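Read left to right, the sequence shown gives residues 10 to 342 (this note's numbering).
Below you'll find the structure, written out as structure tokens, and then a few comments.
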Amino acid sequence: MTFDSNNPLGAHGAPVGTSTSSEIRRPIFQKTLKTSIGCTGVGLHSGVRVAMKLHPVAPDTGIVFKRIDLIGGGATIKASWNHVADSRMCTVLADENGIGVATVEHLMSAFYGMEIDNVIVEINGPEVPAMDGSAEPFIFLIECAGVVEQDRARQALRILKQHSYTNGNKMVALTPWHDGLRVDFHIDFHASAIGRQTCSFQVDPDTFREELSRARTFGLLSEVTALREAGLARGGSLSNAIVVDGDRVLNDEGLRHDNEFVRHKALDAIGDLYLAGHPILAHFVGRCSSHADTARLMRQVYADRSCWEMVDMWHEAPATPAWVDMPGRVAFA
Ligand SMILES: [Zn+2]
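Next up, the structure:
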């Protein structure tokens, strides 16, 4: 795909949506689901059983969470960086009354990876169900529902200059990148079952589905008691998280990838970045960073208006139509 500044002229000065003699360009359209679909499951931190439904919705709506279990009509929370209420262990979105939805990042990551722009997420509890701790079950839901293009061009947020945020040994950065979103992640844990891991991915639907979506969330056995005393990880179990004790992975089935841990961190980062409300055209680097660091970086980026711009998204088109440079051949033979 290619990207142009959000102005009435394309890269070569041609009016948007028209073709020149050497190039035919098509906008990328926004997408939603073809039909509604739902699932039930337990929240990783709350331990509360919830039912969640994903509904198609009009272009330019974005991803919107709706709490339907509350008296008085519920609450509606747009998935946006300025609605992040807590990001210590997971990403929690909340409205101005403090009513929210927790652990949105794996679902948001699935939406980013599958290039879904507009969905209403109806939920009857305080947290997105953990499912198996990865984004794969959400991709299954999206694919079962089907995806449709909508009659509105897709826009992206392009990063124009580097921003980084460092907090001790943690660091996150966004730098300009020529092609879509690239994510690099590095982690370094004392627990030797995790240790040092690195991954690097150019994010597109195939790569996301094959390389990232199945990576599960994880926790250290030594921290489980403290987390539960803090009201967290109450729904966590070996069926929805990898649990590590020193050099051992306690899950009987083992790991899905040698570096599943760092892949999951990349998955988390993609979900958090989608709180921009649009795909991001940038190179993201995370080093031992958490949800809170990514949220901090996004606030920093948005505060600097010279750091980003909105651009239209275009399908890649051959610079020269096939029939132009083929003298002596019969066109369309
Ligand atoms: Zn996660």
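Every residue, glycine too, gets a C-beta built ideally from N, C-alpha and C.
Nothing here was measured: the structure is a model prediction, and the numbers come from that model.
- Within the DSSP bridge table, the entry for Met61 names Cys48, Ile132 as partners.
- Relative to the non-hydrogen atoms of ligand 1, the Cβ of Asp277 comes within a distance shorter than 8 Å of at least one.
- For Ser173, the enclosing beta strand (DSSP E) starts and ends at 172-176.
- Selection Leu190, Ile108, Phe198 evaluated against Asp213 yields Leu190 as nearest (Cα-Cα).
- For Cys208, the enclosing beta strand (DSSP E) begins and ends at 205-212.
- At least 9 Å separates the beta-carbon of Val73 from that of Ile168.
- The alpha carbon of Leu42 has as its nearest neighbour, out of His92, Leu284, Ile151, the alpha carbon of Ile151.
- Distances taken from the Cβ of Thr226 to the heavy atoms of ligand 1 include one shorter than 8 Å.
- A Cβ-Cβ distance of about 6 Å is found for the pair Val110 and Val137, placing them in contact under the 8 Å criterion.
- Counted as a single uninterrupted DSSP element, the beta strand (DSSP E) harbouring His292 occupies residues 289-296.
- Excluding five sequence positions before and after Ala162, the CB atoms of its chain that fall closer than 8 Å to its own CB belong to Pro36, Ile37, Phe38, Gln39, Asp321, Met322, given in chain order.
- Remark: three or more beta-carbon pairs, one from each stretch, lie closer than 8 Å, so the segment 297-317 and the segment 84-99 are flagged as touching.
- Excluding residues up to 5 positions away in sequence, His54, Ser55, Gly56, Arg237 lie with their Cβ nearer than 7 Å to the Cβ of Arg243 in the same chain.
- Under DSSP, Asn127 takes part in a beta bridge, and its partners are Thr41.
- Straight-line measurement puts the Cα of His195 at about 10 Å from the Cα of Met180.
- Counting along the chain, Asp197 sits inside the beta strand (DSSP E) bounded by residues 190-197.
- Between Thr226 and His300, the gap from beta carbon to beta carbon reaches 9 Å or more.
- With distances taken between CA atoms, Leu284 lies nearest to Ala94 out of Ala94, Asp215, His64.
- Ile148 sits close to Ser222, with the two beta carbons spaced by under 9 Å.
- Using a Cβ distance threshold of 9 Å, Gly280 and Ala144 count as a contacting pair.
- Here the alpha carbon of Leu230 sits roughly 44 Å from the alpha carbon of Glu158.
- In this structure, the beta-carbon distance from His172 to Cys316 falls below 9 Å.
- Under the three-state reduction of DSSP, Ile72 is assigned to strand.
- With contacts defined as CB atoms closer than 9 Å, Val252 and Gly245 qualify as a contacting pair.
- Rounded to whole angstroms, the gap between the alpha carbons of Asn176 and Pro185 is 22 Å.
- In this structure, DSSP gives Asp95 an extended state, which the three-state scheme calls strand.
- Residue ranges of uninterrupted beta strand (DSSP E) with 3 or more members, entirely inside the segment 142-173 and ordered along the chain, are 156-162, 164-168.
- Looking at the DSSP output, Arg305 bridges to nothing.
- Contact between Ala224 and Leu276 holds, with the beta-carbon distance rounding to 5 Å and staying under 8 Å.
- Here the C-alpha atom of Thr112 lies approximately 15 Å from the C-alpha atom of Thr49.
- Around the C-beta of Ser45, fewer than 16 other C-beta atoms lie within 10 Å, and the residue is accordingly described as exposed.
- Judged by beta-carbon spacing, Val192 lies within the 9 Å limit of Cys208, meaning their Cβ atoms are closer than that value.
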